[in-house]
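As you go down the protein sequences, you meet chains A and B in turn. Each residue of the first sequence is one higher than the one before, counting from 88 in the working numbering. Each residue of the second sequence is one higher than the one before, counting from 20 in the working numbering.
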Amino acid sequence: MAKFRIAVHITPRKGLLDPQGNAVRDALRTLGFTTVKDVHVGRYIVVETDAYDAIAAEEAVTEMCQKLLANPVTEDFDIESAVHA
Amino acid sequence: MKFGIVTFPGSNCDYDAFQAVTDVLGEEATYLWHKDHDLQGSDVIILPGGFSYGDYLRAGAIARFSPIMREVVSHARSGAPVLGICNGFQIACEAGLLPGALMRNSHLQFVSSEVRIRVENADTMFTNLYEPGEILRMPVAHGDGRYVAPAEILDELEAEGRVIFRYADASGNISADANPNGSERNIAGIVSDGGNVLGMMPHPERACSPLLGSTDGVRLLESILARVAA
């Protein structure tokens, strides 16, 4: 077993109303960033876990996302490649 | 009839629910601690409002894994009544007892006010003492109350009469102005496919006394008695 670190990005499901993202987008435009088209606010989670290899660690974190870290009704998740912690 | 009221760390409407059941309804109630594994013979389970586990991750996401929830889920699967109010609605969705999810209010503000809801289906375990289309007054107090679900699920809920409350104005119109949180199709409360699990954002347990401004919640609790006793 080795120790791995995996970062997870969780974002609101595309197409669903994202009021937080819209509020930040509007604030950026007010600041003068008029080219901003869209903003989405999500969560960034870092999991450190023991696993036999990077693939096993990524599979485990994928399952964690499906079962707890992301809500399958409202959120999408994206996991980064496992790195040795 | 015995009501079991689950107390999670961060629940804050458990006492209101207890008072409504014992003082107003005159029935027996007991608190169920989140770490317990025993419903203590409860016939009806109430998942109360509050901020269980500080709403960490998502509202209701952590509470769903409390030890007591295993028993609550099997109670629900057996067809027995489970009432999820506010945070309890969020927990019931996270636990898979109800479809959909509750997201941040569309205006991003916490809303604490009285709302009106229209009874959409008066033939359920929770609404049989109301008139169809009746307008009820109840308080809401939440930051994450915007009900969402895929369109096909919403269509299914409506087709099966499982949308039992909708936010409405005083005349009963379903309008965006009457919607306190941006819920899809103004949905305020739904039931499970078996009809025995109710999730709703408004607080019937806090609308049980003239002192609190409304008694419209009383008949919801009495409906459960009427149906279960029948």
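Backbone N, C-alpha and C define an ideal beta-carbon position, used for all residues, glycine too. Note that the structure is a prediction, hence the values are computed from the model and not measured.
Against chain A, the beta carbon of L127(B) has neighbours under 8 Å at P106, Q107, A110, listed in chain order. A direct Cα-to-Cα measurement between L176(B) and H53(B) gives close to 30 Å.
L155, L156, N158: these are the residues of the region 135-159 of chain A whose beta carbon lies less than 8 Å from some beta carbon of chain B, given in chain order. With respect to G98(B), N215(B) sits close: the two C-beta atoms are nearer than 8 Å. The shortest CA-to-CA distance from A80(B) to any of V101(B), L58(B), A120(B) is the one to A120(B). Of all residues in the region 192-222 of chain B, only G201 place a beta-carbon less than 8 Å from a beta-carbon of chain A. DSSP places Y34(B) inside the alpha helix (DSSP H), whose first and last residues are 33-38. Beyond the five residues adjoining it in sequence on each side, D125(A) comes within less than 8 Å, by CB distance, of G108, R112 in the same chain, given in chain order. Here T121(A) is exposed. Its C-beta has fewer than 16 other C-beta atoms within 10 Å. The beta carbon of L127(B) sits closer than 6 Å to none of the beta carbons in its chain outside the five residues before and after it.
For I104(B), the uninterrupted beta strand (DSSP E) segment begins and ends at 101-104. In the three-state reduction of the DSSP assignment, L66(B) falls in the strand class, which pools E and B. Rounded to the nearest whole angstrom, the CA to CA distance from V138(B) to N198(B) is 15 Å. Under the three-state reduction of DSSP output, H94(B) falls in the helix class.
Under the three-state reduction of DSSP output, T26(B) falls in the strand class. For the options D55(B), R135(B), I154(B), the alpha carbon positioned closest to that of P86(B) is the one of D55(B). Under the 10 Å beta carbon count, M88(A) is surrounded by fewer than 16 other beta carbons and is classified as exposed. M122(B) has a beta carbon lying within less than 8 Å of a beta carbon in chain A. Comparing alpha-carbon positions, the option among D62(B), H161(B), I136(B) lying closest to P151(B) turns out to be I136(B). Counting the other CB atoms within 10 Å of its CB gives G23(B) a total of 16 or more, which places it among the buried residues.
Within chain A, the residues placing a beta-carbon under 7 Å from that of G119(B) are V160, ordered along the chain. Counting C-beta atoms within 10 angstroms of its own C-beta, I97(A) has 16 or more neighbours from the protein chains shown and is therefore classed as buried.
The region 217-226 of chain B makes contact with the region 26-40 of chain B; the number of CB pairs closer than 8 Å reaches 3 or more. Listed by position along chain A, the residues whose Cβ is nearer than 8 Å to that of R77(B) are N158. For L51(B), the closest of D62(B), V167(B), E241(B) by C-alpha to C-alpha distance is D62(B).
Under the Cβ distance rule, V134(B) does not count among the residues neighbouring chain A, no pair being separated by less than 8 Å. A direct Cα-Cα distance of roughly 23 Å separates G69(B) from R238(B).
Excluding the 5 residues flanking it on each side, L156(A) has same chain C-beta neighbours closer than 7 Å at V95, I97, I132, F164, in chain order.
For the set I206(B), V101(B), V167(B), the Cα lying nearest the Cα of L104(A) is the one of V167(B).
As the crow flies, the alpha-carbon of L117(B) is around 30 Å from that of G232(B).
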